[in-house]
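**Student:** Dropping a structure here in structure tokens format, bear with me for questions.
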Amino acid sequence: MSKFLYTYLSKTSDQAGTGATMYQVWFGETTHLHDSSPSYFANGRTAWLAVPSGAGLDVVGNVVSLSQSGSTTVKVYGRPTGSDTYQIGDAPNGALFVSGLTATDDSNNLWYEINYNHRQAWVPATVVTVIKAPGGKYHPW
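Its first residue numbered 12, the sequence shown is counted upward by one per residue in this note's numbering.
Pasting the structure below:
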């Protein structure tokens, strides 16, 4: 069973009447699979996440806002290293995520972990502003 942290922008009851709560979250979406040159590169977008009643828990975590000076997007990496080899996607400036942990790389740079496209991903501390701690919803699936 996977465990993910999300912060949500808004929430509403599922209009289909399932009893689930719909949460609008930032998510890494793979949008280039059908391009002329297919790619698994993901882009940060907002999406609606259906959470069954009782499945989400409030937890402690840092809500972080991403912003890269001089760019409209922030690079997202599959491991805490700035090598473009490990870039798995990007997110627009202002995207919000929950970070449950941090890491320091071999060069002593601080990195924040985020949930991105149902996987652990990393962004450098230089693009992170912690806007709320604690915060987020824990979804155990």
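Glycine included, C-beta positions come from ideal geometry on N, C-alpha and C.
For tyrosine 51, which residues of its own chain have a beta-carbon under 8 Å away from its beta-carbon, when the five flanking residues on both sides are left out?
**Tutor:** Once the five neighbours on either side are set aside, the close Cβ partners of tyrosine 51 are Thr41, His43, Leu44 and Ile99.
**Student:** Identify whether valine 31 lies in helix, strand or coil by the three-state DSSP scheme.
**Tutor:** As written in the sequence, residue 31 is alanine, which differs from the valine given in the question. Coil.
**Student:** Please report how far the alpha carbon of leucine 65 lies from the alpha carbon of threonine 29, in whole angstroms.
**Tutor:** Reading the sequence as shown, one finds glycine at residue 65 and not leucine. In a straight line, the C-alpha of glycine 65 is about 13 Å away from that of threonine 29.
**Student:** Is DSSP giving tyrosine 88 helix, strand or coil here?
**Tutor:** If DSSP states are grouped into helix, strand and coil, tyrosine 88 belongs with the strands.
**Student:** Could you tell me the distance, in whole angstroms, from the CA atom of glutamine 156 to the CA atom of tyrosine 88?
**Tutor:** Residue numbering for the chain in the displayed model covers 12 to 152; residue 156 lies beyond these limits and cannot be assessed.
**Student:** Measuring alpha carbon to alpha carbon, tell me which of Pro63, Leu60, Ser78 and Thr115 ends up nearest leucine 6.
**Tutor:** In this structure the chain extends from 12 to 152, so residue 6 is not present and cannot be described.
**Student:** Skipping 5 residues on each side, what residues in its chain have a beta carbon closer than 7 Å to that of glutamine 131?
**Tutor:** Same-chain partners within the cutoff: Glu124.
**Student:** Going by Cα to Cα distance, which pick from Ala58, Thr57, Gly67 and Tyr127 is closest to arginine 90?
**Tutor:** Arginine 90 has its Cα closest to that of Tyr127, out of Ala58, Thr57, Gly67 and Tyr127.
**Student:** How would you write the range of the beta strand (DSSP E) that glycine 100 sits in, first residue to last?
**Tutor:** Run containing glycine 100: 98–103, per the beta strand (DSSP E) assignment.
**Student:** Classify alanine 61 as buried or exposed, calling it buried when 16 or more other Cβ atoms lie within 10 Å of its own Cβ.
**Tutor:** It counts as exposed.
**Student:** On the CB-based measure, 16 or more other CB atoms within 10 Å of its CB, does valine 141 come out buried or exposed?
**Tutor:** Exposed is the call here.
**Student:** Just grab the DSSP bridge partners of isoleucine 125 for me.
**Tutor:** Per DSSP, Ala132.
**Student:** Could you give the C-beta distance for valine 75 and valine 139, rounded to a whole number, given that I count them as a contact under 8 Å?
**Tutor:** Indeed, because the Cβ distance is near 5 Å, the residues count as touching under 8 Å.
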